[in-house]
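**Q** Numbering-wise (our numbering), the sequence shown opens with residue 240 and increments by one.
Backbone N, C-alpha and C fix where the C-beta goes; we use that ideal spot for every residue, glycine too.
Everything numeric in this text was worked out from a predicted model, so none of it was measured.
Encoded as structure tokens, here's the structure I'll be asking about.
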Amino acid sequence: MQRFLDILGINIKIESLLTFDKIKSHQNDYAEAPPLSELALHNLKKWYIQDYMFYEMCEEWLKQNGHI
Numbered sequence: 240m241q242r243f244l245d246i247l248g249i250n251i252k253i254e255s256l257l258t259f260d261k262i263k264s265h266q267n268d269y270a271e272a273p274p275l276s277e278l279a280l281h282n283l284k285k286w287y288i289q290d291y292m293f294y295e296m297c298e299e300w301l302k303q304n305g306h307i
């Protein structure tokens, strides 16, 4: 993320936004959670399809501009 912001010329340091407070960062222990089923993964991808498409567009832009 930091590299992406740097390439775009956005002067924000990711480290300044991070918190190590477990409550503020919504950290949970999922060690005993069962793995997601194929249906669950399919539903998540459907729900977040716009995010997937945005990431693909960003990756293509970075490739076309010689950044990856």
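Leaving out the 5 sequence neighbours to the left and right, which residues in its chain are closer than 7 Å to alanine 279 when beta-carbon positions are compared?
**A** Hits under 7 Å: none found.
**Q** I'd like the list of long-range same chain contacts for cysteine 297, defined as Cβ closer than 8 Å, with 5 residues on each side in sequence excluded.
**A** Hits under 8 Å: Phe243.
**Q** Given leucine 247, which residues of its chain have a CB within under 8 Å of its CB, disregarding the five upstream and five downstream residues?
**A** Nothing listed; no residue qualifies.
**Q** Tell me the DSSP secondary structure of serine 276 in three-state form.
**A** Three-state DSSP puts serine 276 in coil, outside helix and strand.
**Q** Rounded to whole angstroms, what is the Cα-Cα separation between methionine 235 and tryptophan 286?
**A** With the chain covering only 240 through 307, there is no way to say anything about residue 235.
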